[in-house]
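Asker: Encoded as structure tokens, here's the structure I'll be asking about.
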Amino acid sequence: MRVLGGEPVDIRVEDGLIAEIGPGLTGGAGAEVVDGGGAIALPGLVDLHTHLREPGREDAETVLTGTQAAARGGYTAVHAMANTSPVADTAGVVEQVWRLGREHGHCDVQPVGAVTVGLEGRQLAELGAMADSAAQVRVFSDDGKCVSDAVLMRRALEYVKAFDGVVAQHAQEPRLTEGAQMNEGVVSGRLGLTGWPAVAEEAVIARDCLLAAHVGSRLHVCHVSTAGSVEIIRWAKSKGWNVTAEVTPHHLLLTDDLVEDSPVGAYNPIYKVNPPLRTRADVEALRAALADGTIDVVATDHAPHPVEDKETEWSAAAMGMIGLETALSVVQEAMVDTGLLDWAGVADRMSAAPARIGRLPGHGRPLAAGAPANITLYDPSARTPVDPAAYASKSRNTPYEGMTLPGRVVATFLRGTPTVLEGKLT
Ligand SMILES: [Zn+2]
524 MRVLGGEPVD IRVEDGLIAE IGPGLTGGAG AEVVDGGGAI ALPGLVDLHT HLREPGREDA
584 ETVLTGTQAA ARGGYTAVHA MANTSPVADT AGVVEQVWRL GREHGHCDVQ PVGAVTVGLE
644 GRQLAELGAM ADSAAQVRVF SDDGKCVSDA VLMRRALEYV KAFDGVVAQH AQEPRLTEGA
704 QMNEGVVSGR LGLTGWPAVA EEAVIARDCL LAAHVGSRLH VCHVSTAGSV EIIRWAKSKG
764 WNVTAEVTPH HLLLTDDLVE DSPVGAYNPI YKVNPPLRTR ADVEALRAAL ADGTIDVVAT
824 DHAPHPVEDK ETEWSAAAMG MIGLETALSV VQEAMVDTGL LDWAGVADRM SAAPARIGRL
884 PGHGRPLAAG APANITLYDP SARTPVDPAA YASKSRNTPY EGMTLPGRVV ATFLRGTPTV
944 LEGKLT
């Protein structure tokens with residue numbers, strides 16, 4: 524295997540740690556040998572933004588199936604979003620999710636705590652109790668909804684400072700997006716669908732960057748989707764403010780004209796997602812921002828929905844796409860094969876940076892002796908037709924069906940134990 528695409532080496536793993544990396548290593552008596560061939564070795568991927576749906580929507584996904592999907596995608600840790608039922612807004616619920624992860628997880632599961640009670644945007648949730656719980660929550664988000672009240676957002680930012688937490692904002696001005704169905708632009712005008720304007724995202728990001736600077740706290744911006752948002756985040760970073768941001772794989776590849784014309788027809792709700800798919804110019808700006816570090820992280824926003832919620836008319840369909848099992852391939856297509864990012868860059872944006880932002884010290888470390896053996900082996904030369912029937916996820920709402928994506932996760936190791944071998948769950 525080749526660490527970050529470099530020279531061929533062997534990796535010797537002992538007691539869950541990387542013991543040695545170098546050419547021509549032998550395992551010694553009783554050693555298990557996994558032949559990585561020419562695969563690229565990356566530090567195990569970390570997702571800052573996964574919807575596991577348990578508790579409450581086990582028909583869409585469970586901790587078991589969601590972490591199986593994660594392992595197949597090369598992930599060794601995922602952050603589970605708080606918009607479950609009940610909402611993860613107390614120490615009890617985040618501990619329940621954390622425990623489910625320990626019992627059933629094919630990767631580590633780090634719960635995200637809600638910012639407000641019931642995601643209702645009226646009253647701060649028990650942030651301190653969730654931070655002090657067994658789950659040790661550090662990321663707080665009302666994702667799915669925006670913390671639109673500026674006073675509540677300010678208080679949340681102030682509160683999380685005490686335990687080095689971060690508020691991850693789903694930036695969507697609610698009044699500007701009432702009834703919104705897709706990106707507001709030429710295509711929405713032609714189709715007569717209510718638009719979700721870029722300014723509804725950008726206005727909240729600008730406000731929150733200013734608030735984070737004002738109180739001296741950490742802000743993370745979820746799923747950045749517009750060129751204007753990139754400009755604002757670049758400006759906030761240039762000021763030295765503690766702002767980080769993520770982009771999803773689908774916003775790096777797909778555009779809003781798919782709603783009008785696609786291989787799976789017009790008005791196919793498979794392309795309905797929040798924030799919506801934007802324009803080619805937005806995609807180009809997001810790719811450039813991920814390449815230059817303005818956007819720190821690729822996060823999947825893996826959002827499983829059962830068939831009956833997705834295969835319905837556009838206006839009634841649920842928003843969201845699954846993404847764990849295709850993320851690395853989409854990033855290869857959008858960023859690596861285009862020459863924008865090398866494998867060291869991929870390791871940073873999909874492992875080191877999300878682990879750092881989420882404060883997961885056991886993940887995202889460079890592959891070196893002494894580090895936990897969280898390792899993803901990836902063959903970039905494979906060409907894999909997307910087949911949702913083969914996915915571990917309980918849901919099938921992938922926008923890539925019918926496409927052939929580059930690359931394949933060959934194996935995933937969680938603290939030295941394989942969770943995936945030869946592309947299959949162990
Ligand atoms: Zn969101």
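Those letters in the sequence shown? Residues 524 to 949, per the working numbering, in order.
Glycine included, every Cβ here is placed at the ideal spot set by N, Cα and C.
Roughly how many angstroms lie between the CA atoms of D631 and S785, to the nearest whole one?
Answerer: Taking the straight line from one Cα to the other gives about 36 Å.
Asker: Just checking, does the segment 587-607 make contact with the segment 651-667 on the three C-beta pairs under 8 Å criterion?
Answerer: These segments touch.
Asker: On the premise that C732 lies in contact with E950, defined as a C-beta separation below 8 Å, what is that separation, rounded to the nearest angstrom?
Answerer: Beyond the ends of the chain as shown, which are 524 and 949, falls residue 950; an answer cannot be given.
Asker: Fully enclosed by the segment 664-744, which beta strand (DSSP E) runs are 3 residues long or longer?
Answerer: Listed in chain order, the complete beta strand (DSSP E) runs (minimum 3 residues) inside the segment 664-744 are 689-692, 742-744.
Asker: Please list, in chain order, all residues of the same chain as G846 whose beta carbon is under 7 Å from its beta carbon, the five residues on each side excluded.
Answerer: Only T771, P772, H773, T823, D824, H825 meet the Cβ criterion.
Asker: Below 8 Å on the Cβ atoms is my guess for R801 versus D779; work out the distance and round it to an integer in Å.
Answerer: Rounded, the Cβ-Cβ distance is 6 Å, consistent with contact.
Asker: If contact is defined by three or more beta carbon pairs under 8 Å, each pair taking one atom from either stretch, is the segment 914-923 in contact with the segment 845-862?
Answerer: Touching, yes, given that three or more Cβ pairs across the two stretches are closer than 8 Å.
Asker: Express the C-alpha separation of K684 and R879 in angstroms, rounding to a whole number.
Answerer: So the alpha carbons of these two residues sit roughly 16 Å apart.
Asker: Write down every uninterrupted run of the beta strand (DSSP E) in the segment 731-814 whose length is 3 residues or greater and which is fully enclosed by it, in chain order.
Answerer: Entirely contained in the segment 731-814, the beta strand (DSSP E) runs reaching 3 residues are, in chain order, 742-744, 766-770.
Asker: So, under 8 Å CB-CB, E734 and V853 are touching, yes? Tell me the CB distance rounded to an integer number of Å.
Answerer: According to the sequence as given, residue 734 is Leu; it is not Glu. The Cβ separation is near 32 Å, so there is no contact.
Asker: With DSSP as the reference, identify every bridge partner of V923, one or two as the case may be.
Answerer: The question names Val, yet the displayed sequence has Tyr at residue 923. Answer is none; Y923 lacks a bridge partner.
Asker: Let's test the definition: count the other Cβ atoms within 10 Å of the Cβ of T639 and tell me whether it reaches 16, buried, or not, exposed.
Answerer: Result: buried.
Asker: What do you reckon, are the CB atoms on V569 and H886 nearer than 8 Å?
Answerer: Against a cut-off of 8 Å, the Cβ pair of H886 and V569 comes out as a contact.
Asker: Please indicate yes or no: does the CB of N797 lie closer than 7 Å to some heavy atom of ligand 1?
Answerer: For ligand 1, at least one heavy atom lies less than 7 Å from the Cβ of N797.
Asker: Flag D570 as yes when its Cβ comes closer than 7 Å to any non-hydrogen atom of ligand 1, and as no otherwise.
Answerer: No.
Asker: On the CB-based measure, 16 or more other CB atoms within 10 Å of its CB, does G567 come out buried or exposed?
Answerer: By the 10 Å Cβ count, G567 comes out buried.
Asker: Looking at the strands, I want to know which residues DSSP matches up with K947.
Answerer: L944, per the DSSP bridge assignment.
Asker: Sorted by chain position, which residues of the same chain lie with C-beta nearer than 7 Å to H828's C-beta, five sequence neighbours on each side aside?
Answerer: Same-chain partners within the cutoff: A583, A841, G843, S918, N920.
Asker: Would the beta-carbon of P609 fall within 8 Å of that of G651?
Answerer: Contact: no.
Asker: With DSSP run on the structure shown, which of helix, strand or coil describes P877?
Answerer: Helix at P877.
Asker: Going by DSSP, name the residue or residues bridged to M844.
Answerer: In the DSSP output, where bridge partners are listed per residue, M844 has H825.
Asker: Buried or exposed: R625, going by 16 or more other Cβ atoms within 10 Å of its Cβ?
Answerer: R625 comes out exposed.
Asker: Pop quiz: G644 and A611 are said to be a contact at Cβ under 8 Å. What is the actual Cβ separation, rounded to whole angstroms?
Answerer: Not confirmed; about 16 Å, so no contact.
Asker: By Cβ distance, which residues of its chain are closer than 8 Å to L647, with the 5 residues on each side in sequence left out?
Answerer: Excluding sequence neighbours, L647 sits near V638, T639, V640, L675, R678, A679, Y682.
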